[in-house]
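>
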Ligand SMILES: NC(=O)c1ccc[n+]([C@@H]2O[C@H](COP(=O)([O-])OP(=O)(O)OC[C@H]3O[C@@H](n4cnc5c(N)ncnc54)[C@H](OP(=O)(O)O)[C@@H]3O)[C@@H](O)[C@H]2O)c1
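Numbering (my numbering), first residue to last: 1 to 323.
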């Protein structure tokens, strides 16, 4: 009788990719986990596609919230899927809606059959846009928009330098900056990426090696580092005095910013419902290119994360598919 009661009362389970200890892809296991339940103003989404930002396993908020360890964690915060349950207070979404969005970084992500997120963190996906495309665009496109619109207020004619102009975020920076009418210079690491950068709208492309120096000092109104390693000093030096450097991976050096008389800013993207809606329309109208490098089933999620340190078959996002 006791056993029956326990079985009846146990929470429903789902399959998920989880890490029980801080670390890299080697910590990820595909296993059963409690199926999350939406609270007030939240929804549960049956995940169809979850995209990866490889650096996420190094972000503090992946592992802790307010300084408290939150393992086991589920990674991958960029997703598309179908609303499976709505919490109290959600009025503008219904079970069965196709949505895409970004889960807050300090709670469980979408490498699972289900993810619970605040309803404000998703938008409806337009018919005809695949789950993979929507999941792949959500985070890098919103990050690029926030960098250009809210952090720099980039305007037509301004000179912009993007280091890493064909990465996931870099490719959207290049496309959006071109659409704004800025004069866009990007750095890339190969001739293949050079051709892609030009197709995305770059006016000038610099094929660099990791240790190469910028050619033009003090030449740019705005510079954005979208690579993900340490920001080289030449990026600071490339900005004109009074100009702006945006860094995506870590707070920049105040010392170097002062040395070159520039402002240097780090920000973390915020999920904005209205921006996701704008993005949905842009993707549906094929006005932006969303590149997919490769896909993996959820059961091979660990291999998907491990692929971050291997050469990609083609540029773009790596996406986990949830059957
Ligand atoms: N702050 C935020 O809210 C936020 C949001 C999203 C991402 N991020 C951060 O943004 C960074 C980029 O993320 P991502 O997803 O766009 O990564 P990604 O897709 O891996 O892009 C990185 C790009 O940098 C290029 N690259 C590497 N070394 C280079 C070099 N020496 N010179 C020029 N380009 C170089 C890579 O080119 P190859 O492939 O040819 O090497 C790749 O295209 C990460 O640090 C991530 O954590 C921050």
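Yeah, the Cβ is synthetic: ideal placement off N, Cα and C, and Gly gets one too.
(1) For residue 162, which residues does DSSP report across the bridge?
(2) Considering only residues of the same chain and omitting the five flanking positions on each side of residue 233, which have a CB-CB separation below 8 Å?
(3) Could you check if residue 268 is buried or exposed, using at least 16 other CB atoms within 10 Å of its CB as the buried criterion?
(4) Going by the CB atoms, is the gap between residue 264 and residue 244 shorter than 9 Å?
(5) I'd like to confirm something about residue 188: is its beta-carbon nearer than 8 Å to some heavy atom of ligand 1, or not?
(6) Count the other C-beta atoms from every protein chain shown that fall within 10 angstroms of the C-beta of residue 175, then say buried if there are 16 or more, exposed otherwise.
(7) Kindly provide the ranges of any beta strand (DSSP E) runs that are 3 or more residues long and lie completely inside the segment 102-134, ordered along the chain.
(8) For residue 259 and chain B, any beta-carbon pair shorter than 9 Å?
(9) Is any heavy atom in ligand 1 found nearer than 8 Å to the beta carbon of residue 249?
(10) Under a three-way DSSP split, which group does residue 20 fall into?
(11) Flag residue 164 as yes when its Cβ comes closer than 8 Å to any non-hydrogen atom of ligand 1, and as no otherwise.
(12) Is residue 318 helix, strand or coil by DSSP?
(13) Of all the alpha helix (DSSP H) runs that stay within the bounds of the segment 249-298, which reach a length of 4 or more residues?
(14) Do residue 142 and residue 74 have their C-beta atoms closer together than 9 Å?
(15) What residue range does the beta strand (DSSP E) around residue 173 cover?
(16) Mind checking whether the beta-carbon of residue 254 lies closer than 8 Å to any heavy atom of ligand 1?
(17) From what residue to what residue does the alpha helix (DSSP H) around residue 191 run?
(18) Does ligand 1 have even one heavy atom less than 8 Å from the beta-carbon of residue 226?
(19) Verify whether the separation of the beta carbon atoms of residue 221 and residue 247 is less than 9 Å.
(20) Under 8 Å from any heavy atom of ligand 1, does the C-beta of residue 167 make it?
(21) Given a cut-off of 9 Å, decide if residue 300 and residue 318 are closer than it, judged by their beta-carbon atoms.
(22) As a quick exercise: from 130, 14, 61 and 49, pick the residue whose alpha carbon is nearest that of residue 22.
(23) Return the CA-CA distance between residue 304 and residue 145, expressed in angstroms with no decimal places.
(24) Assuming contact is defined by CB atoms lying nearer than 9 Å, are residue 14 and residue 30 in contact in what I supplied?
(25) How should residue 225 be labelled, buried or exposed, when 16 other C-beta atoms within 10 angstroms of its C-beta is the threshold for buried?
(26) With a threshold of 16 other CB atoms inside 10 Å of the CB of residue 312, please say whether the residue is buried or exposed.
(27) If we count the other Cβ atoms within 10 Å of its Cβ and call it buried at 16 or more, is residue 310 buried or exposed?
(28) Which residue wins for smallest C-alpha separation from residue 207, given the options 165, 110 and 183?
(29) Can you tell me whether DSSP reads residue 302 as helix, strand or coil?
(30) How big is the Cα-Cα spacing for residue 6 and residue 12?
Concretely, from the data shown:
(1) 186 and 224
(2) 256
(3) exposed
(4) yes
(5) yes
(6) buried
(7) List check, beta strand (DSSP E) in window: 114-118 and 122-124.
(8) The structure shown contains no chain B, having only a single protein chain.
(9) yes
(10) coil
(11) yes
(12) DSSP places residue 318 in strand when its eight states are reduced to three.
(13) 254-260 and 273-284
(14) no
(15) Residue 173 -> not in any beta strand (DSSP E); alpha helix (DSSP H) instead, spanning 168-180.
(16) no
(17) 191-200
(18) Result yes, Cβ under 8 Å from ligand 1.
(19) no
(20) yes
(21) no
(22) 61
(23) 27 Å
(24) no
(25) By the 10 Å Cβ count, residue 225 comes out buried.
(26) exposed
(27) Classification of residue 310: exposed, given that the 10 Å Cβ count is below 16.
(28) 165
(29) If DSSP states are grouped into helix, strand and coil, residue 302 belongs with the helices.
(30) Unreliable positioning characterises residue 6 in this predicted model, as indicated by a pLDDT of 47, which lies under 50. A coordinate reading is not provided.
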